[in-house]
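Residue numbers (the numbering used here), protein chains in the order written: chain A, 1 to 274; chain B, 275 to 605.
C-beta: ideal position from N, C-alpha, C; glycine also.
Let me begin by presenting the structure, written as structure tokens, before commenting on it.
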């Protein structure tokens with residue numbers, strides 16, 4: 001939460017490292033002035049002083065309390081400014097907000113994760129958490145798609161994950177280069193080759209709206225129950241407190257009731273894919 | 275609940291005394307309309323009782339158009355708002371649900387609510403677009419105000435609805451608080467019944483609140499395009515609405531944030547950084563406001579998101595009348 005109990009006052013956090021992930025995506029490692037906890041899937045509001053504020057789900061492990069990371073695509077006013085910032089500068093953070101992934105519902109299940117582009121950011125945080133509880137899981141399959149090999153983020157982490165027992169990673173790109181050896185096509189092509197025990201699985205989808213839509217619809221077609229399909233929704237979450245109304249999605253305020261929903265919860269609400 | 279009556283002349287004297295410890299706002303008629311003004315000793319006799327409704331909705335006392343929500347300003351002066359109509363008081367009950375929720379109590383809103391005593395006034399007449407009773411709201415005071423009053427035959431009949439109102443009443447040192455006489459109560463009841471009859475006659479064809487959600491849910495895209503054709507996205511309906519309370523946060527240097535009232539009627543309200551905008555089309559924005567009030571908020575909150583004040587009808591420069599829409603949809 002904010003400082004001095006004020007919900008709107010950001011907690012200051014020092015930018016201690018900037019990592020280039022792709023031409024448009026950077027990871028910002030932050031050290032908050034006070035210990036800061038979040039549950040995987042919850043989001044925070046990041047303030048760029050005097051410029052604006054934007055919501056991000058941390059991409060770092062929720063088990064670390066002294067620092068956190070957000071992975072940000074340069075795509076608007078606030079993120080353009082973030083991409084110009086250097087280590088040593090200060091940002092502000094508020095939160096954590098909303099409802100994250102209900103990990104206890106993943107116990108004794110196979111977990112299929114479908115991610116696209118910068119949607120890998122919240123997924124990485126989830127993966128850190130799943131590794132920590134891997135004794136309670138059957139297996140975890142990550143299907144990750146991006147436009148080009150250059151746009152694939154977290155390359156060292158992918159290699160680490162591939163060495164982790166119970167975890168497998170499948171990747172695709174829309175436009176391959178000469179060195180690309182993995183699948184070609186939109187991310188849903190990877191679903192054709194996964195071997196999952198669907199009746200004992202849950203699925204998680206996070207990515208750009210169009211990918212979320214086609215990913216979710218394909219998973220439903222494959223037989224995933226609507227109640228076991230988790231979607232991390234992207235709306236214009238501004239206050240984070242369920243008050244400002246900008247993230248209204250039918251009867252839900254995504255900032256407070258989400259951002260993680262099951263498909264079953266939101267299927268009848270308007271504008272879920274845009 | 276306790277009830278007293280007091281001659282108007284004595285009430286006015288007590289109000290003048292009250293001005294030394296409270297800022298008092300009450301409706302006063304001006305050249306064009308009737309609106310809240312800060313009351314001074316010489317304007318106490320100008321206060322309008324029992325007439326609907328001040329131009330400004332009650333929410334503006336608790337959610338100013340613009341305020342710094344990070345600076346931790348000093349608590350505001352103790353405030354008395356006298357003469358709020360019940361449609362507005364019931365709208366405040368919804369805002370309390372949103373802004374005083376246990377998980378995220380809004381500090382600025384709470385501070386203003388704590389510092390304010392609300393004295394509602396029974397509506398003993400109606401205006402052209404008043405339709406509170408169609409939405410299950412009585413035009414007389416209840417426990418959502420601290421005190422409620424009615425001016426009947428040069429007497430104020432004052433009802434206390436809780437400790438905050440009673441404490442204000444006690445502080446007024448009313449010399450001999452009397453229970454209202456049976457004749458006075460009978461006169462008040464007659465006036466109240468007349469108002470209920472007038473509201474019923476005026477809104478005979480209007481579907482009630484329970485039906486509104488279903489009627490809107492059935493409406494197709496063509497309906498929304500048709501009814502929004504005169505809308506210019508000016509946002510006046512939201513600004514004047516006692517329950518619309520969406521806002522924008524604007525960042526200022528020093529990690530400060532300004533809260534400014536906003537509306538889903540403005541383009542870009544739901545736009546995200548990638549450019550997706552669920553409400554990019556005018557008819558979708560227009561629909562959103564109706565769905566929010568009559569379908570989605572009723573699923574989420576206990577109190578009505580439309581209290582039948584009729585201000586949105588009066589203010590619309592496109593002459594869009596939501597009651598006409600509901601009547602048409604119900605046919």
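Check: Applying the criterion that 16 or more other CB atoms from any shown protein chain within 10 Å of the CB defines a buried residue, is residue 2 of chain A buried or exposed?
Finding: Indexing the first chain from 1 puts residue 2 of chain A at position 2. With a pLDDT of 48 at residue 2 of chain A, under the threshold of 50, the modelled position of that residue is not reliable, and the figure given next carries that caveat. Flag for residue 2 of chain A reads buried.
Check: Over what stretch of residues does the alpha helix (DSSP H) that includes residue 143 of chain A continue unbroken?
Finding: In the first chain, residue 143 of chain A corresponds to position 143, counting from 1. Unbroken run through residue 143 of chain A is the beta strand (DSSP E), 139-146; no alpha helix (DSSP H).
Check: Is it true that the segment 112-120 of chain A meets the segment 77-96 of chain A, where meeting means three or more beta-carbon pairs spaced less than 8 Å apart?
Finding: no
Next item on the list: Per DSSP, which residues does residue 233 of chain A bridge with? Please list them.
Entry: Within the first chain, numbered from 1, the residue matching residue 233 of chain A stands at position 233. Paired residue(s): none; residue 233 of chain A is not in a bridge.
Notebook entry, point to check: Would the beta-carbon of residue 328 of chain B fall within 9 Å of that of residue 350 of chain B?
Noted result: Position 54 of the second chain, counted from the start, is the residue given in the question as residue 328 of chain B. Position 76 of the second chain, counted from the start, is the residue given in the question as residue 350 of chain B. No, the pair does not count as a contact, with Cβ atoms beyond the cut-off.
Notebook entry, point to check: What residue range is occupied by the uninterrupted beta strand (DSSP E) comprising residue 308 of chain B?
Noted result: If you number the second chain from 1, residue 308 of chain B lands on position 34. Residues 308-312.
Item checked: Within 8 Å of chain B by C-beta, residues of the segment 223-239 of chain A in sequence order -> 234, 235, 236, 238 and 239
Next item on the list: Kindly indicate if chain A contains any beta-carbon less than 9 Å away from that of residue 289 of chain B.
Entry: Numbered from 1 along the second chain, position 15 holds the residue referred to as residue 289 of chain B. No - not a single Cβ of chain A is within 9 Å of the one on residue 289 of chain B.
Notebook entry, point to check: Mind checking residue 533 of chain B: buried by the 16 CB within 10 Å criterion, or exposed?
Noted result: Numbered from 1 along the second chain, position 259 holds the residue referred to as residue 533 of chain B. Answer is buried; the Cβ neighbour count reaches 16.
Margin query: Tell me which residues of the segment 33-53 of chain A have at least one Cβ-Cβ distance to chain B shorter than 8 Å, keeping chain order.
Written below: 47, 48, 49, 50, 51, 52 and 53
Next item on the list: Would you mind listing the alpha helix (DSSP H) stretches within the segment 360-390 of chain B that are 4+ residues and don't spill past its ends, in chain order?
Entry: 360-373 and 381-388
Note to self: I'd like to know whether the C-beta atoms of residue 316 of chain A and residue 118 of chain A end up nearer to each other than 9 Å.
What the structure shows: There is simply no residue 316 of chain A to check, as chain A begins at 1 and stops at 274 in what is shown.
Checklist line | Boundaries of the alpha helix (DSSP H) in which residue 486 of chain B is found, first to last residue | finding: As a first step, residue 486 of chain B is located in the second chain; it is residue number 212 there, counting from the start. Residues 483-492.
Item checked: Check whether residue 232 of chain A and residue 204 of chain A have beta carbons under 9 Å apart -> For the purposes of this step, residue 232 of chain A is taken as the residue at position 232 of the first chain. For the purposes of this step, residue 204 of chain A is taken as the residue at position 204 of the first chain. Closer than 9 Å, so yes.
Notebook entry, point to check: Residues in its own chain within less than 7 Å of residue 434 of chain B by CB, not counting five upstream and five downstream?
Noted result: Indexing the second chain from 1 puts residue 434 of chain B at position 160. Cβ within range, chain order: 275, 276, 421, 440 and 443.
Checklist line | Amino acids of chain C, ordered along the chain, whose beta-carbon sits closer than 7 Å to that of residue 217 of chain A | finding: Annotation note: the requested chain C is absent from the structure, which comprises protein chains A and B.
Margin query: With a threshold of 8 Å on Cβ separation, who are the neighbours of residue 47 of chain A within its own chain once the five nearest residues in sequence on each side are excluded?
Written below: Counting from 1 along the first chain, the entry for residue 47 of chain A is found at position 47. Correct list, in chain order: 10, 53, 91, 92, 93 and 94.
Margin query: Please classify residue 59 of chain A as buried or exposed, where buried requires at least 16 neighbouring CB atoms within 10 angstroms.
Written below: Within the first chain, the letter at position 59 stands for residue 59 of chain A. Flag for residue 59 of chain A reads buried.
Check: chain A beta carbons: is any one of them nearer than 9 Å to that of residue 517 of chain B?
Finding: The count along the second chain starts at 1 and reaches residue 517 of chain B at position 243. So, not an interface residue.
Checklist line | residue 70 of chain A: first and last residue of the uninterrupted beta strand (DSSP E) it sits in | finding: Taking the first residue of the first chain as 1, we reach residue 70 of chain A at position 70. Taken as a continuous stretch (DSSP letters only), the beta strand (DSSP E) holding residue 70 of chain A covers 68-73.
Notebook entry, point to check: Between the segment 400-423 of chain B and chain A, which residues of the former have a C-beta closer than 8 Å to a C-beta of the latter?
Noted result: none
Margin query: One question on the structure: do residue 581 of chain B and residue 370 of chain B come within less than 9 Å of each other, judged by their Cβ atoms?
Written below: Within the second chain, residue 581 of chain B is the residue found at index 307, counting from 1. Within the second chain, residue 370 of chain B is the residue found at index 96, counting from 1. Cβ distance not < 9 Å, so residue 581 of chain B and residue 370 of chain B don't count as in contact.
Check: What is the rounded straight-line gap between the Cα of residue 129 of chain A and the Cα of residue 64 of chain A?
Finding: For the purposes of this step, residue 129 of chain A is taken as residue 129 along the first chain, with counting starting at 1. For the purposes of this step, residue 64 of chain A is taken as residue 64 along the first chain, with counting starting at 1. If you take the alpha carbons of residue 129 of chain A and residue 64 of chain A, they lie about 10 Å apart.
Check: Does the count of Cβ pairs from the segment 518-535 of chain B and the segment 208-228 of chain A closer than 8 Å reach three?
Finding: no
Note to self: Tell me the rounded alpha-carbon separation between residue 199 of chain A and residue 190 of chain A.
What the structure shows: Within the first chain, numbered from 1, the residue matching residue 199 of chain A stands at position 199. Within the first chain, numbered from 1, the residue matching residue 190 of chain A stands at position 190. Taking the straight line from one Cα to the other gives about 19 Å.
Next item on the list: Determine, using beta carbons only, whether residue 29 of chain A comes closer than 9 Å to chain B.
Entry: Residue mapping note: residue 29 of chain A aligns to position 29 of the first chain, counting from 1. Taking Cβ atoms only, chain B never reaches closer than 9 Å to residue 29 of chain A, which makes this a no.
Item checked: Span of the beta strand (DSSP E), counted from its first residue to its last, around residue 90 of chain A -> Taking the first residue of the first chain as 1, we reach residue 90 of chain A at position 90. Taken as a continuous stretch (DSSP letters only), the beta strand (DSSP E) holding residue 90 of chain A covers 90-97.
Note to self: Please tell me whether residue 246 of chain A has its Cβ less than 9 Å away from any Cβ of chain B.
What the structure shows: In the first chain, the residue the question calls residue 246 of chain A occupies position 246. Interface residue, yes.
Note to self: Is there a C-beta anywhere in chain B that falls below 9 Å from the one on residue 71 of chain A?
What the structure shows: Mapped onto the first chain, residue 71 of chain A falls at position 71. It does not; no Cβ of chain B falls within 9 Å.
Note to self: Please give me, in chain order, every unbroken run of the beta strand (DSSP E) with length at least 3 that falls completely inside the segment 172-207 of chain A.
What the structure shows: 201-206
Item checked: Cβ separation of residue 397 of chain B and residue 324 of chain B, assumed to be a contact under 8 Å, to the nearest whole Å -> As a first step, residue 397 of chain B is located in the second chain; it is residue number 123 there, counting from the start. As a first step, residue 324 of chain B is located in the second chain; it is residue number 50 there, counting from the start. So it is a contact: roughly 6 Å between Cβ atoms.
Check: When burial is assigned at 16 or more other CB atoms within 10 Å of the CB, is residue 162 of chain A buried or exposed?
Finding: Within the first chain, the letter at position 162 stands for residue 162 of chain A. By the 10 Å Cβ count, residue 162 of chain A comes out exposed.
Checklist line | 9 Å Cβ cutoff met for residue 403 of chain B and residue 573 of chain B | finding: Taking the second chain and counting its residues from 1, the one referred to as residue 403 of chain B is at position 129. Taking the second chain and counting its residues from 1, the one referred to as residue 573 of chain B is at position 299. Their beta carbons are not under 9 Å apart, which means residue 403 of chain B does not touch residue 573 of chain B by this criterion.
Item checked: Where residue 332 of chain B meets chain A, residues with beta-carbon distance less than 8 Å -> Looking up residue 332 of chain B in the second chain gives position 58. The premise fails here: residue 332 of chain B is roughly 18 Å from chain A at the closest Cβ pair, so nothing lies under 8 Å.
Margin query: Beta-carbon within less than 8 Å of residue 253 of chain A's beta-carbon, same chain only, minus the 5 sequence neighbours each way: which residues are those?
Written below: Working through the first chain from its first residue, we reach residue 253 of chain A at position 253. Within the same chain, residue 253 of chain A has close Cβ partners 242, 245 and 247.
Checklist line | Helix, strand or coil at residue 2 of chain A according to DSSP, with G and I counted as helix | finding: Within the first chain, residue 2 of chain A is the residue found at index 2, counting from 1. The predicted model places residue 2 of chain A with a pLDDT of 48, which falls under 50 and marks its position as unreliable; any figure quoted below should be read in that light. In this structure, residue 2 of chain A counts as coil in the three-state DSSP scheme.
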